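Here the structure comes first, spelled out in structure tokens, and everything after it is commentary.
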DNA sequence: CATACTTGTTGGAGCGTTCCAACGAAAGGT
DNA sequence: ACCTTTCGTTGGAACGCTCCAACAAGTATG
């Protein structure tokens with residue numbers, strides 16, 4: 001008794017009532033007399049009693065917890081999405097259990113398994129690298145929603161993402177309006193999101209009658225890859241670069257400046273994502289901003305809805321990204 | 337049966353053994369015959385059985401989960417510390433339950449309460465804003481370790497932090513070696529960490545015989561505050577700025593450049609923390625880097641040790657930060 | 001050949017909750 | 001006076017698991 005935690009029984013004896021009444025009082029039932037309630041509250045305080053969530057979840061067969069898998073905590077994009085998720089689920093009385101994928105996709109699966117053992121009532125996957133088969137199995141088990149990807153259609157699984165094709169077109173439109181036509185795209189490598197952005201670029205270029213200027217340089221989603229891709233792109237003397245994401249765009253700017261060209265005077269650069277550091281004065285990056293927190297909030301909403309409607313048809317929601325004009329794009333100067 | 341999850345009993349009947357044997361097999365006991373084990377493994381697969389962590393934790397009275405409170409997920413410093421924590425605890429078979437503080441310190445407390453209800457076996461507080469009294473109560477209840485702060489001494493509570501005074505001296509030493517003497521410190525506002533860094537600055541300046549050049553400009557830990565503080569600092573035409581953290585340093589650089597001065601040619605700037613974005617080529621920030629992942633790993637180690645040694649004396653560990661020289665500091669040029 | 005130990009297995013108790021059926025007491029209706 | 005409600009309260013079963021004592025059946029020991 002002295003060493004281990006007090007239980008509901010200890011509270012009951014101390015308050016001179018039954019454990020059932022304590023349980024009732026704890027869950028805020030109205031059918032408890034004021035006198036009893038007061039005695040219970042006192043006993044709780046005196047003993048430092050705390051409900052055991054494991055026992056509770058066993059008894060009610062609900063964990064009031066949702067699991068969140070986040071691909072990479074370092075990527076500020078994901079942190080901001082997570083924010084939205086947390087706010088939304090908290091409002092509905094849920095806790096979150098968070099795991100971050102790390103390098104190994106196989107580990108990602110194991111971690112999800114842990115989450116499921118904890119009987120999470122829903123799963124939010126903020127990006128992921130799971131094959132369709134695994135996704136299908138998971139979604140069949142527990143309400144699941146995927147954020148930032150919508151390439152794998154699974155019954156009973158919702159997705160929330162921005163429309164990357166439309167976003168890319170926004171970027172190209174902006175550059176065209178500034179007078180650019182030699183617009184090169186530094187792509188983000190082999191992943192569905194990057195493919196969609198590249199497609200949007202090609203589409204927009206074609207629509208503006210610039211199809212002969214279409215040039216996609218293979219890149220990646222990191223600073224270093226953006227730098228390398230930009231170095232290569234410069235060979236065809238573009239006047240503007242549309243880069244697959246913000247981090248790579250920052251790398252690209254460094255490459256441009258290293259070649260003694262100025263941004264945006266000589267070359268305009270626009271990124272994609274809208275990560276908060278893009279707003280740092282030193283970077284001041286023009287970008288296509290995803291409404292990150294909204295993405296998270298919406299995802300959580302879908303999941304919460306699905307908890308009560310397990311068989312609801314799959315929702316694939318797209319939210320639109322917006323152009324954020326900062327300092328790295330400018331009007332084309334006719335080179336003398 | 338059809339709708340709800342299979343239990344250990346379902347597996348037992350299916351495999352034609354007792355639930356006890358299933359339990360044994362699941363926990364990898366050697367006292368299970370190969371024949372039985374195989375049947376159990378098959379039954380598990382066929383039924384899609386998954387251990388119920390809540391029931392398990394209730395029975396063994398251990399949750400194998402540790403709670404992590406992270407002040408602010410957006411701050412890359414904390415994300416990197418978290419990484420270290422995760423790696424370490426995972427190796428020891430623990431899961432983590434993560435909560436992020438958000439704006440309201442009161443909410444922080446409530447979230448910790450949730451964590452405790454889940455019977456977490458330990459708590460890692462990655463920065464926090466809790467008063468000593470609360471800290472004391474928590475640490476008395478559950479093994480707790482604080483990262484990046486060591487200003488509040490509580491029995492049975494460990495802390496791991498970098499020595500901010502020493503780190504600040506490293507920064508000043510570096511600048512002095514480059515020939516600077518008009519070194520201004522942009523501080524980080526009213527918090528223990530920033531105070532320590534300012535103290536270190538003053539100490540080092542004095543030791544170099546530069547006490548008459550000591551100047552501390554009130555700032556903060558954000559881009560905007562760094563910018564503002566730098567603007568003010570420029571009035572005394574310094575040759576170098578030592579800024580309280582990296583994010584503010586990036587803001588300071590923007591301010592310097594806006595005044596048509598170049599970094600590092602006209603003014604050197606050094607930050608503190610070693611966040612990964614400081615390494616972006618476009619920023620290329622010289623800084624005092626805390627070994628962030630190590631901080632997390634060590635914290636987890638102390639906590640894991642304390643789980644088995646509840647009354648171990650409090651450890652207050654300091655790890656040393658290191659100077660990372662990049663492109664924002666340079667040798668003083670004697671202005672012509 | 002009895003005794004002891006080993007190996008594989010089992011039922012039951014217990015972990016801390018919630019929830020249900022059931023209760024006595026007080027109150028209301030006729 | 002009786003029956004019916006309502007109110008506050010209660011014990012016990014259940015949730016899914018682990019662990020302990022116990023037990024057959026086989027193996028080794030003296």
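Protein chains in written order, with our numbering: chain F, 1 to 336; chain Z, 337 to 672. Glycine included, each C-beta is placed from N, C-alpha and C at the ideal position. Nothing here was measured: the structure is a model prediction, and the numbers come from that model.
- In the three-state reduction of the DSSP assignment, residue 286/F falls in the strand class, which pools E and B.
- If you keep only unbroken beta strand (DSSP E) runs of at least 3 residues inside the region 416-489 of chain Z, you get 431-436, 458-462 and 480-483.
- Residue 663/Z has its alpha-carbon roughly 12 Å from the corresponding atom of residue 598/Z.
- By the Cβ neighbour-count rule, residue 83/F is buried, with 16 or more other Cβ atoms within 10 Å of its own.
- Annotation for residue 144/F: 123, 138 and 157 place their beta carbon closer than 6 Å to its own, counting only its chain and skipping 5 residues before and after.
- Residue nearest to residue 126/F within the set 323/F, 110/F, 109/F and 160/F is 160/F (criterion: CA-CA distance).
- Residue environment: residue 325/F is assigned as exposed (fewer than 16 neighbouring CB atoms within 10 Å of its CB, all protein chains considered).
- Shown here, residue 174/F sits in a helix according to DSSP, grouped into three states.
- Inter-residue distance for residue 255/F and residue 228/F is about 8 Å (C-alpha atoms, whole angstroms).
- Within the region 416-440 of chain Z, the residues whose Cβ lies closer than 9 Å to any Cβ of chain F are, in chain order, 416, 418, 419, 422, 423, 426, 431, 432, 433, 434, 435, 436 and 438.
- Here residue 217/F is near residue 186/F, since their CB atoms are less than 8 Å apart.
- In the three-state scheme derived from DSSP, where H, G and I count as helix and E and B as strand, residue 197/F is classed as helix.
- Put simply, the CB of residue 245/F is far from chain Z, with every gap to its CB atoms at 8 Å or more.
- A Cβ of chain F is located within less than 8 Å of the beta carbon of residue 454/Z.
- Taking 8 Å as the cut-off, the Cβ atoms of residue 562/Z and residue 584/Z count as close.
- In the structure shown, the three-state DSSP call for residue 241/F is strand.
- Contacts with chain Z (Cβ-Cβ distance below 7 Å) from the region 215-229 of chain F involve 223 and 227, listed in chain order.
- Residue pairing by DSSP places residue 268/F opposite 240/F in a beta bridge.
- In this structure, the beta-carbon distance from residue 457/Z to residue 398/Z falls below 8 Å.
- A residue is called buried when at least 16 other Cβ atoms come within 10 angstroms of its Cβ; residue 88/F meets this threshold and is buried.
- In the DSSP assignment, residue 158/F falls within the beta strand (DSSP E) that extends over 157-162.
- Bounds of the alpha helix (DSSP H) holding residue 302/F are 292-308.
- Comparing alpha carbon positions, the residue from 102/F, 75/F, 273/F and 53/F closest to residue 162/F is 273/F.
- Excluding the 5 residues flanking it on each side, residue 614/Z has same chain C-beta neighbours closer than 7 Å at 582, 607, 621 and 623, in chain order.
- In this structure residue 268/F is buried. Its beta-carbon is surrounded by 16 or more other beta-carbon atoms within 10 angstroms.
- The secondary-structure analysis by DSSP pairs residue 654/Z across a beta bridge with 497/Z.
- With fewer than 16 neighbouring CB atoms inside 10 Å of its own CB, residue 107/F falls in the exposed class.
- Annotated as proximal: residue 15/F and residue 39/F, with beta-carbon spacing under 8 Å.
- One alpha carbon belongs to residue 152/F, the other to residue 193/F, and they sit about 12 Å apart.
- Apart from the 5 residues on each side of it in sequence, residue 576/Z sits with its Cβ closer than 6 Å to the Cβ of 511, 516, 519 and 604 in its chain, given in chain order.
- Residue 349/Z carries a helical assignment under DSSP once its states are collapsed to helix, strand and coil.
- DSSP places residue 251/F in the uninterrupted alpha helix (DSSP H) bounded by 246-258.
- Within the model, the alpha-carbon separation for residue 377/Z versus residue 112/F is close to 20 Å.
- Put simply, of 669/Z, 476/Z and 633/Z the residue whose alpha carbon is nearest the alpha carbon of residue 655/Z is 633/Z.
- Under DSSP, residue 67/F forms a beta bridge with 97/F and 123/F.
- Not a single CB atom of chain F sits nearer than 8 Å to the CB of residue 463/Z.
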